[in-house]
Amino acid sequence: MVMRMASASPSSFIFGRRASFRRLRQLLVGSAAGRIVRLLLCCSLLLSLLLISGGCRCRFSHLQPSPPLGEGYTVMINTWKRNDLLKQSVVHYASCVGVDSIHVVWSEPDPPADSLRDGLIQAVRSKSKLGQDVDIIFDINQEDSLNNRFKEIKDLRTDAIFSIDDDVLFPCASVEFAFSVWRSAPTTMVGFVPRMHWLDKSRSSTEQYKYGGWWSVWWTGTYSMVLSKAAFLHKQYLDLYTNHMPVFVRDYVAKNSLSYIGLWHLYCRNCEDIAMSLLVANVTGAPPIWVKGIKYCSFDSLLLSEHSYINFISWFGAKMLF
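Residue 6 is where the sequence shown starts when you use the numbering used here, and the numbers rise one by one after that.
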């Protein structure tokens with residue numbers, strides 16, 4: 006919002022107002038009436054601030070100051086019962102120069118087998134660059150929820166997180182380039198998978214939005230979000246998502262992980278992506294950055310959610326996607 010200065014008034018009017026304010030100050034200073042008036046003014050100001058802050062229902066505080074950006078980035082891999090793909094992904098990203106550690110988001114009912122852990126540790130050691138000590142850590146979750154991929158991780162050594170699905174591989178050179186772009190704008194999301202949304206004008210009774218996939222982006226030449234299936238983001242967004250985002254948004258993500266449309270199974274895997282995009286947009290007031298890259302492979306299934314309604318956009322109290 007641009008604030009414009011009002012045009013100047015005649016000088017006689019200005020001096021007249023100044024004289025009036027001066028006489029008022031002299032009357033108030035040092036008197037009981039003055040103290041009462043000042044108290045009322047302070048109360049009015051406080052009430053105004055409370056009303057303003059209450060009107061911003063779902064605004065989040067800006068990122069807290071953090072130490073200088075840590076070297077490298079953390080790879081956070083989301084996986085589900087696809088150990089072969091997980092191993093392929095871990096081995097590939099362990100060979101990238103900027104990787105500090107690899108976290109596997111594990112939400113299966115059974116913990117990872119020792120053979121899987123040991124195999125991945127050996128694979129990481131063999132593929133890591135010379136002099137690069139890459140840790141691999143399993144983040145075990147007790148329940149299966151799409152929200153798990155954004156749970157806060159304590160004691161991360163890097164500010165940057167590269168969030169990736171286990172079935173998506175990008176060349177290390179592309180990832181390093183995206184990381185360099187993120188370092189120039191560390192409060193926003195920088196990703197490889199753009200998406201868009203628009204107001205559904207056919208539903209005049211309620212404000213709802215439609216979600217468009219890659220072909221919508223290609224056709225219109227615009228995008229409003231990048232998905233966290235392949236994106237860099239600041240580690241503090243994990244804390245904001247887990248501890249500060251409205252609970253009903255996380256509940257919506259958890260409850261809509263599986264739906265049915267006729268004979269088709271609709272995996273609403275993008276619900277958490279949209280929620281994170283909304284959170285980042287609310288914090289920064291800035292658009293995400295799309296970085297083009299060629300995928301080595303991706304085994305995405307058909308996601309009918311590209312044509313479903315993303316109703317919880319309006320829950321954030323503002324149209325904050327761009």
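Cβ coordinates follow ideal geometry from the N, Cα and C atoms, glycine included.
Sub-8 Å separation of residue i and residue j beta-carbons
i	j	result
Pro293	Val231	yes
Ala235	Ile166	no
Leu125	Val95	yes
Ser140	His239	Note on identity: in this sequence residue 140 is Asp, with Ser being the wrong assignment. Not a contact, by the Cβ cut-off of 8 Å.
Leu174	His97	yes
Ala259	Asn88	no
Thr193	Ala291	yes
Leu283	Tyr246	no
Val80	Ala183	no
Val109	Phe155	no
Met281	Tyr242	yes
Trp203	Lys215	yes
Gly298	Phe197	yes
Leu90	Asp171	yes
Ser120	Trp85	no
Asn287	Glu157	no
Ile145	Pro116	yes
Lys106	Lys132	Lys is not the amino acid found at residue 106; the sequence shown has Ser there. In this structure, Lys132 does not lie closer than 8 Å to Ser106 by Cβ.
Strand pairing of residue i, partner residues [DSSP]
i	result
Asp170	Asn83
His202	Tyr216
Val231	Pro199
Tyr78	Val104
The beta strand (DSSP E) enclosing residue i, as first and last residue numbers
i	result
Gly226	Note, Gly226: premise wrong, no beta strand (DSSP E); not H, not E.
His239	235-239
Opening and closing residue of the alpha helix (DSSP H) in which residue i lies
i	result
Lys92	88-99
Ser282	276-289
Lys297	No alpha helix (DSSP H) holds Lys297; DSSP gives it neither H nor E.
Ser185	177-189
Val102	Where Val102 is concerned, there is no enclosing alpha helix (DSSP H), given that its DSSP letter is neither H nor E.
Tyr257	252-260
Residue-chain proximity (residue i, chain D), Cβ-Cβ < 8 Å
i	result
Gln137	Among the chains of the structure shown, chain D does not appear; only one protein chain is present.
Stretch-stretch touch, CB-based, cutoff 8 Å, three pairs: the stretch 276-293 with the stretch 179-186: no
Segments of 4+ residues assigned as alpha helix (DSSP H) that fall wholly inside the stretch 105-169: 119-132
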